[in-house]
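Notes for the one structure printed next.
Residue numbers (the numbering used here): 34 to 193.
The structure is reproduced here in structure tokens:
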């Protein structure tokens with residue numbers, strides 16, 4: 034069973050009060066995944082939000098039939114599946130457990146409805162989310178530029 038103490042270890046929730054965390058508890062499910070088990074695939078409807086309790090999750094994308102790249106590794110305490118919170122779209126990457134993992138799953142519609150009802154909680158979550166995603170975007174931009182500078186032939190390899 035998920036506890037308030039479990040949720041305090043999730044970076045996205047670290048600024049929330051105990052009362053706010055208690056309001057999250059009823060909607061959170063816990064699931065276990067084995068090594069190399071797919072959590073979601075690119076193109077799947079993004080209707081759940083995920084936070085890693087234990088283990089490691091890789092975010093991967095298929096650039097071409099023979100080229101799969103790692104977009105990042107999720108460590109315990111961090112969240113993924115952001116598409117569920119910012120759009121009603123599909124996932125753009127794969128999430129795969131790199132080792133046995135325990136993950137908190139939350140229906141995005143219920144989570145967003147709670148944030149809409151509790152504006153203070155909504156502000157704290159969205160403020161933290163913007164900082165997390167900004168940091169992630171900066172890292173990915175730096176990685177992208179580094180690859181392009183070091184490997185200008187990459188467009189040829191991708192058939193572009």
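Where is the CB? At the ideal position from N, CA and C, for every residue including glycine.
(message) What would DSSP say about residue 163, mapped onto helix, strand or coil?
(response) Residue mapping note: residue 163 aligns to position 130 of the chain shown, counting from 1. Here residue 163 sits in helix by DSSP.
(request) Taking the CB atoms as reference points, tell me whether residue 143 and residue 53 lie closer together than 8 Å. (result) The residue given as residue 143 occupies position 110 in the chain shown. The residue given as residue 53 occupies position 20 in the chain shown. Result no, Cβ atoms of residue 143 and residue 53 do not sit closer than 8 Å.
(request) Look at residue 136 and residue 73 and say whether their C-beta atoms are less than 8 Å apart. (result) For the purposes of this step, residue 136 is identified with residue 103 of the chain shown, where counting begins at 1. For the purposes of this step, residue 73 is identified with residue 40 of the chain shown, where counting begins at 1. No, the pair does not count as a contact, with Cβ atoms beyond the cut-off.
(request) Can you say whether residue 124 is buried or exposed, counting buried as having 16 or more other CB atoms within 10 angstroms of its CB? (result) One-based indexing of the chain shown puts residue 124 at position 91. Flag for residue 124 reads buried.
(request) May I ask which residues mark the beginning and end of the alpha helix (DSSP H) holding residue 116? (result) To locate residue 116, count along the chain shown from 1; it is residue 83. Run containing residue 116: 116-119, per the alpha helix (DSSP H) assignment.
(request) For residue 69, count neighbouring Cβ atoms within 10 angstroms of its own Cβ and tell me buried if that reaches 16, exposed if not. (result) Residue 69 sits at position 36 when you count from the first residue of the chain shown. Exposed, since its Cβ has fewer than 16 Cβ neighbours within 10 Å.
(message) So for residue 59, helix, strand or coil by DSSP?
(response) Position 26 of the chain shown, counting from 1, holds the residue named residue 59. Three-state result, residue 59: helix.
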